[in-house]
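Q: In this note's numbering, the protein residues as written are 6 to 205.
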Amino acid sequence: MEHGREKSRLKLLNLKAVSKSPMLQIGSLKLKSNLILAPMAGVSDFSFRMINRKFGCELAFVEMINCRSISHKSKRTARMLSSNSKDRPLGVQLLGCEEKYIRKALDAIKGYKFDLLDFNAACPAKKVVRRGEGSGLLKDPQKLKEILEIVVKNTNTPVTVKIRTGWDKDSLNARLVGLAAEEAGGKRGFYPRQDQGSRL
Ligand SMILES: Cc1cc2nc3c(=O)[nH]c(=O)nc-3n(C[C@H](O)[C@H](O)[C@H](O)COP(=O)(O)O)c2cc1C
6 MEHGREKSRL
16 KLLNLKAVSK
26 SPMLQIGSLK
36 LKSNLILAPM
46 AGVSDFSFRM
56 INRKFGCELA
66 FVEMINCRSI
76 SHKSKRTARM
86 LSSNSKDRPL
96 GVQLLGCEEK
106 YIRKALDAIK
116 GYKFDLLDFN
126 AACPAKKVVR
136 RGEGSGLLKD
146 PQKLKEILEI
156 VVKNTNTPVT
166 VKIRTGWDKD
176 SLNARLVGLA
186 AEEAGGKRGF
196 YPRQDQGSRL
């Protein structure tokens, strides 16, 4: 009885969410709803994605993939990339700053037929920004642009970039970074927060 009631409540929630949402288009990817499961390292695995899809989420992401790890073909990364035909549309998020590994990662994900590729220029974790990755790239918009050019040229998947408003309150360069990303051929994703204060 409880289970049945819960099921119809979810059905209602799904219908409401989908019918009220406008159609969203990111490059060639067309979505019927704007309910998107954010990429979450350590959280958005296959089971979590499928639960969220039951709740009406249309687009989901696999966990953030480090370009270095994927090019080393580790078992952990293979598990992170695993999916099936019901787990669609599906995006992948790449993290990195070294051209060699970015190219390798793009090559490695070709066979997975992702619907969207998001490049991470927003992760504030200390171990990430220390290497100049994630939001660390906001300090060098030209480098980020060059990386995005490589990404866009080497994939048929629509490319977005997740950025913050800037590295800190004294360098709010989201507009500049956004324009550079557009010039590189990316579709902009925007996460309106500064990096400072959220570094883990
Ligand atoms: C546990 C956890 C892991 C996350 N991992 C990532 C990640 O790998 N890549 C990313 O772009 N954002 C990551 N995020 C941020 C989310 O994608 C999303 O932008 C954020 O949760 C939105 O936060 P807000 O609603 O508090 O502003 C993570 C968030 C959480 C809570």
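Glycine residues also receive a C-beta, built at the ideal position from the N, C-alpha and C atoms.
The structure presented is a predicted model; accordingly, all values stated were derived computationally and were not measured.
1) Taking only heavy atoms of ligand 1 into account, decide whether any of them is closer than 7 Å to the Cβ of residue 127.
2) Does any residue of chain C bring its CB to less than 8 Å from the CB of residue 127?
3) Between residue 125 and the rest of its own chain, which residues show a CB-CB distance below 7 Å, the 5 nearest in sequence each way excluded?
4) Going by DSSP in three states, residue 111 sits in which element: helix, strand or coil?
5) Is residue 53 helix, strand or coil when you go by DSSP?
6) Would residue 175 be called buried (16 or more neighbouring beta carbons within 10 Å of its own) or exposed?
7) Report the residue from 123, 52, 131 and 182 whose alpha carbon sits nearest the alpha carbon of residue 157.
8) Does DSSP put residue 35 in a helix, a strand or coil?
9) With a 10 Å radius around its C-beta and 16 neighbouring C-beta atoms as the bar for buried, classify residue 271 as buried or exposed.
10) Please list the segments of the alpha helix (DSSP H) lying wholly inside the region 91 to 143, counting only runs of 4 or more residues, in order along the chain.
11) Report the three-state DSSP secondary structure of residue 29 (helix, strand or coil).
12) Have a look at residue 186 and residue 115 and give me their C-alpha separation to the nearest angstrom.
13) In whole angstroms, what is the alpha-carbon distance linking residue 131 and residue 171?
14) Assuming contact is defined by CB atoms lying nearer than 8 Å, are residue 34 and residue 67 in contact in what I supplied?
15) Tell me which same chain residues have a C-beta within less than 8 Å of the C-beta of residue 26, skipping the five on either side of it?
16) What separation, rounded to the nearest whole angstrom, lies between the Cα atoms of residue 133 and residue 55?
17) Taking the alpha-carbon positions, what's the residue 75 to residue 85 distance?
18) Curious, which full-length alpha helix (DSSP H) runs of at least 4 residues does the region 137 to 185 contain?
19) According to DSSP, is residue 42 part of a helix, a strand, or is it coil?
20) Is it the case that the region 148 to 163 contacts the region 101 to 121, given that we only count it when at least three CB pairs across the two stretches are under 8 Å?
21) Label residue 169 either buried or exposed according to how many other C-beta atoms from any shown protein chain fall within 10 Å of its C-beta, with 16 as the threshold for buried.
A: In short:
1) yes
2) Reference to chain C is not applicable here, since this structure consists of a single protein chain.
3) 69, 98, 99, 100, 139 and 167
4) helix
5) helix
6) exposed
7) 123
8) strand
9) There is simply no residue 271 to check, as the chain begins at 6 and stops at 205 in what is shown.
10) 104 to 114 and 131 to 134
11) strand
12) 22 Å
13) 16 Å
14) no
15) Legend: pLDDT at residue 26 = 49, less than 50; position of this residue unreliable, no value from coordinates given.
16) 28 Å
17) 10 Å
18) 146 to 158
19) coil
20) yes
21) buried
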